[in-house]
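These notes concern the structure reproduced below.
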Amino acid sequence: MTFEPVVLFFLLGVIAGLARSDLKIPGAIYEALSIFLLLAIGLKGGVKLAEYPLASLLFTSLVVVGVAALIPLVAFPVLRYLGRMSRADAASIAAHYGSVSVVTFSVAATFLDQHAVAYEGHMIVYLVLLEFPALIIGVLLARAGTAGQTRWDQLFHEVFFGKSILLLIGGLAIGYLAGPDGIAPLDKLFFDLFKGVLAFFLLEMGLVASSRIADLRRYGTFLVGFAIVMPVAAALLGLFLGRALGLSEGGAVLIATLYASASYIAAPTAMRIAVPEANPALSIGASLGITFPFNIFLGIPLYWWMAERIYAGS
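Each residue of the sequence shown is one higher than the one before, starting from 1 at the first, in this note's numbering.
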């Protein structure tokens, strides 16, 4: 089996972290890498989006977002009653799994490119739209039946004007307005260097993930199982939805990957503001320590394999 090279950089980071190596990526460089990736993903999506009439995406976007709302609504009672977690922790983790991971999406797109699997260019629109609805649902689940007060103005500002959403939407708009010809002078910077920058970013993610594994000890087997089973179940939902919407096989794989991914950038920030009583070690430990490596090593190839069988049998 041949691994996508950028994924092996993540493995290198995990090994370095577990071995307690002195390898570190300075915070300023990590910040620059994340800004680059978010902008590059947005720009590429905007250029592709210019090829489609926006009105044609309205219905499918509403369906994709509406179905995705089921993920945190199903995850919450599983965590609350089967996992015996507090309402705050269950809601916070559910919000993480209902939201999406930009890096997991980019690894899936790179995987499909490597295998010459075509997919619709407007998938970036779903990536942007799926980032924040689960965060709102998570807050509502946490606050239901309690007297806690949520600073909704602060939450909405953090979600909509936080770094990830702002750069994704900004890049999307710039790419859409500039079009293929206008963005061509920037191709070598944002598109040709994308995989190299992603490799450095995944190296850092490996270092971080290795430090989060210990956070799962409290809930042990249950949370580890949830962090694997939930993504696979969500991916199946995404694959059948993609097939029902008439997406290509590659497009269905990306929808499945989005549904299967868990946020570890936007969600922790939003939950820290809205649900401060939740333990971030549990949500980040599960999403980044288990689900993220599972998806990039096993999940994405599995979703592709499942997509081939679903599409072959239809």
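The beta carbon of each residue, even a glycine, is placed where N, CA and C say it ideally should be.
Got a sec, what are the start and stop residues for the alpha helix (DSSP H) residue i sits in?
i: Y311; result: I300 to A312
i: R212; result: F194 to R212
i: L166; result: K163 to I183
i: L8; result: P5 to L18
i: H122; result: From DSSP, H122 is part of no alpha helix (DSSP H); its letter is neither H nor E.
i: K24; result: That residue, K24, is in no alpha helix (DSSP H); it is neither H nor E in DSSP.
i: F191; result: No alpha helix (DSSP H) holds F191; DSSP gives it neither H nor E.
i: L258; result: E249 to A260
i: V232; result: G220 to A244
i: G138; result: P133 to R143
Short check: CB of residue i to CB of residue j, under 8 Å?
i: F226; j: G83; result: yes
i: A109; j: L254; result: yes
i: L23; j: A16; result: yes
i: T291; j: A262; result: yes
i: A91; j: L141; result: yes
i: Y264; j: S248; result: no
i: V47; j: Y126; result: no
i: G42; j: L167; result: yes
i: P231; j: G299; result: yes
Expressed to the nearest angstrom, what Euclidean distance is found between the alpha-carbon atoms of residue i and residue j?
i: G171; j: A19; result: 38 Å
i: K44; j: Y81; result: 42 Å
i: L239; j: Y30; result: 33 Å
i: G220; j: A256; result: 26 Å
i: L12; j: I25; result: 13 Å
i: A274; j: F201; result: 28 Å
i: L38; j: F161; result: 14 Å
i: P268; j: A209; result: 15 Å
i: L79; j: I93; result: 8 Å
i: A281; j: F294; result: 18 Å
i: V107; j: V229; result: 20 Å
i: F76; j: L57; result: 30 Å
i: Y311; j: G27; result: 44 Å
Could one say the Cβ of residue i lies closer than 8 Å to chain D's Cβ atoms, at least one of them?
i: F222; result: Going by chain labels, chain D is absent from the structure shown, which holds only one protein chain.
Fill in: Inter-stretch contact (C-beta, 8 Å, three-pair minimum) for the region 195 to 207 and the region 69 to 78
no
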